[in-house]
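So the sequence shown is residues -25 to -1, 1 to 309, counted in mature numbering (1 follows the signal peptide of the UniProt record, and there is no 0).
Glycine residues also receive a C-beta, built at the ideal position from the N, C-alpha and C atoms.
Structure first, commentary second.
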Amino acid sequence: MRRAPAQFRLIAIVVTAALCLSAAACNGGRQQEWSFRAANPPTSSPSPAGPVVAKVDDVLPGDGPVFGVYTPDRSAAGLATVAAKVGCRPALQEVFGSVMDGVSVATLRGVAGTPMLSLEPWVSTGGKKQPDWSLEATIDGDWDKQYEAVARSVVEYQQPLLIRFAHEMNGNWYPWGVANGNQSGQYVAAWKHVVDLFRKAGATNALWVWSPNIIRGASSRTLKPFWPGDSYVDVVGLTGYGVREANPDTTYKATLTLIHALTKKPIVLTEVGVQKGTDKRSWISGFGSWLLRNPQIAGFVWNEVTRDGDWRYDDNSGDLSAFKASLKTAKVSC
């Protein structure tokens, strides 16, 4: 490649130095007891020379909660459609994958935002009773080859991502939950086994999301028996939908109290939405102010898929307007 004349190289050096000083002066963001702070979301870039080491700051800016979606269209065009409708481009995109079926690099690269991979240890068509996919089977290493294959895809992806492994473990509707012959303590052992496999494979670009269901409707009214500890969790996730509740505080308060007793890790609402009914507009309208009152909520992923019910923020123009207003109130990071 031809080099630029010396005088232009000198100008470039001076400009670069000025930009670096400016960036250093602006670094830091707001300080609070919750362990995340302001940072720019990751963007597509050339393959790095060495391993990517993801940090929570890389994907969860602390200057406002991050907006994410679970939609049928995970492409850039799909995100552009969402952005045009609500005035905010989602930074997170949820994608589901089973350990049995594997997760391809192409699937991860097809996600326009930062992927939140909900990794499910089961046969997706098999229901909640699957003895082959008990927690003991994972602990004993029966599926290590399948886990290691997913880990290789994650390493090859070479960008930061969130892995939401074996979510809603405090419910009885999945084979890794309070069912399928699983015993107390096995969830933590299985979690640590899987995280260790990924770490051994070099998946330093993965951030681990421990994601229970809100205790309303769950089989277990406590979370402590499922908690792997701060050294094995980067982000706390939470599945919680508004169901005949007039405000988010009613939906989340009891569960957040339990989480705060365990950790100060940042929290992402990994599945959120509101059931149709007379309370839906009120719930959405209050969402923004609720986020402001709960700064430990670092982001949320709204369910826009209608497979298991209609939880969307845009099922009608009034709900959409209320949602857009809540995004502004909460100063959501776009």
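| When you compare only the Cα positions, how much space is there between residue 48 and residue 54? | Locating residue 48 in the sequence shown gives position 73, where the first residue counts as 1. Locating residue 54 in the sequence shown gives position 79, where the first residue counts as 1. Going by the C-alpha atoms only, they are around 8 Å apart.
| task | Return yes when the C-beta of residue 259 is under 7 Å from any heavy atom of the ligand NAP, and no when it is not. | result | Ligands are entirely absent from the displayed structure, and the ligand NAP is therefore not among its contents.
| query | Can you tell me the Cα-Cα spacing of residue 268 and residue 167, whole angstroms? | reply | Residue 268 sits at position 293 when you count from the first residue of the sequence shown. Residue 167 sits at position 192 when you count from the first residue of the sequence shown. Going by the C-alpha atoms only, they are around 33 Å apart.
| task | Give the straight-line distance between the Cα atoms of residue 169 and residue 101, rounded to the nearest whole angstrom. | result | Numbered from its first residue, the sequence shown carries residue 169 at position 194. Numbered from its first residue, the sequence shown carries residue 101 at position 126. Their Cα atoms are separated by approximately 21 Å.
| request: Measure from the alpha carbon of residue 142 to the alpha carbon of each residue in 285, 97, 265, then state which is nearest. | output: Position 167 of the sequence shown, counted from the first residue, corresponds to residue 142. Taking only the C-alpha atoms, the option nearest residue 142 is 97.
| query | What is the C-beta distance between residue 263 and residue 221, in whole angstroms, given that I count them as a contact (C-beta under 8 Å)? | reply | Taking the sequence shown and counting its residues from 1, one reaches residue 263 at position 288. Taking the sequence shown and counting its residues from 1, one reaches residue 221 at position 246. 15 Å between Cβ atoms; not a contact.
| message | Given this structure, state the Cα-to-Cα distance separating residue 250 from residue 25, to the nearest angstrom. | response | The sequence position of residue 250 within the sequence shown is 275, counting from 1. The sequence position of residue 25 within the sequence shown is 50, counting from 1. Roughly 45 Å separates the two Cα atoms.
| field | Delimiting residues of the beta strand (DSSP E) encompassing residue 89 | value | On the sequence shown, residue 89 is found 114 positions in, with the first residue counted as 1. Element bounds for residue 89: 89 to 95.
| query | Are residue 74 and residue 82 closer than 8 Å when you measure CB to CB? | reply | For the purposes of this step, residue 74 is identified with residue 99 of the sequence shown, where counting begins at 1. For the purposes of this step, residue 82 is identified with residue 107 of the sequence shown, where counting begins at 1. Going by C-beta atoms, residue 74 is not nearer than 8 Å to residue 82.
| Hey, how far is the Cα of residue 111 from the Cα of residue 156? | If you number the sequence shown from 1, residue 111 lands on position 136. If you number the sequence shown from 1, residue 156 lands on position 181. As the crow flies, the alpha-carbon of residue 111 is around 9 Å from that of residue 156.
| message | Helix, strand or coil for residue 68? Go by DSSP, reduced to three states. | response | As a position in the sequence shown, residue 68 is number 93, starting the count at 1. In this structure, residue 68 counts as strand in the three-state DSSP scheme.
| task | Going by CA-CA distance only, name the one from 273, 245, 295, 256 that's closest to residue 91. | result | Taking the first residue of the sequence shown as 1, we reach residue 91 at position 116. Considering only alpha carbons, the answer is 245.
| query | Any idea what DSSP makes of residue 221, helix, strand or coil? | reply | The sequence position of residue 221 within the sequence shown is 246, counting from 1. Looking at residue 221 - three-state DSSP - the assignment turns out to be coil, as it is neither helix nor strand.
| If you draw a straight line from the C-alpha of residue 282 to the C-alpha of residue 72, how long is it? | Taking the sequence shown and counting its residues from 1, the one referred to as residue 282 is at position 307. Taking the sequence shown and counting its residues from 1, the one referred to as residue 72 is at position 97. Roughly 16 Å separates the two Cα atoms.
| How would you label residue 62, buried or exposed, when you count the other beta carbons within 10 angstroms and need 16 or more for buried? | Position 87 of the sequence shown, counting from 1, holds the residue named residue 62. Residue 62 is exposed by the Cβ-count criterion.
| task | Report yes if the C-beta distance between residue 215 and residue 230 is below 8 Å; otherwise report no. | result | Counted from its first residue, the sequence shown places residue 215 at position 240. Counted from its first residue, the sequence shown places residue 230 at position 255. Yes, these two residues count as a Cβ contact at 8 Å.
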